[in-house]
């Protein structure tokens, strides 16, 4: 497993977990690809600069993700904080990045989970969220009401789980 950490999102999540009294030691051994940011969590194996053009960033990102895949295995990759790019990039550059993500769809050598703060994304560039949902094979929304979390499958290629809701208290 690996985590792609955009702009120190992993550090923020780790700090919040620790403040909540949770054990975060499991993060010490996780492979991390940093995209921007300066605060290290886990074993940082690669760094990408935010200042690079999106097409160059996408090419480097693809190369690094391909290096994680070992023959006959499936790489699980969590992507955190990608929405933080929307407020700092022009729409054209964001679309270039989305197009790069499209190339990963159907690649059975990796399973990627994108955790996206939709509030940030919708405020920055409202057009982007539907495009991301369109290329995703499964979209799960998480809603918090009081002390309960509801996970709802709103889009999937697996019809058996479409509409599934799970609540955790």
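In the numbering used here, the protein residues as written are 1 to 169. The beta carbon of each residue, even a glycine, is placed where N, CA and C say it ideally should be. Nothing here was measured: the structure is a model prediction, and the numbers come from that model.
Query                                                                                                                                                                   : Result
Measure from the alpha carbon of residue 35 to the alpha carbon of each residue in 19, 168, 64, 167, then state which is nearest.                                       : 64
Out of curiosity, what's the CA-to-CA distance linking residue 140 and residue 131?                                                                                     : 15 Å
Measure the Cβ-Cβ separation of residue 174 and residue 2 and say whether it is below 7 Å.                                                                              : No statement about residue 174 is possible, as the shown extent of the chain runs from 1 to 169 and does not include it.
If you follow the alpha helix (DSSP H) that residue 119 is in, where does it begin and where does it stop?                                                              : 118 to 124
Contact between the region 74 to 89 and the region 107 to 122 is defined here as three or more beta-carbon pairs at a separation below 8 Å; is this criterion met?      : yes
Please list, in chain order, all residues of the same chain as residue 38 whose beta carbon is under 8 Å from its beta carbon, the five residues on each side excluded. : 8
Can you tell which of 151, 101, 144, 18 has its C-alpha closest to the C-alpha of residue 60?                                                                           : 101
Exposed or buried, what is residue 160 when buried is set at 16 or more other beta-carbons lying within 10 Å of its beta-carbon?                                        : exposed
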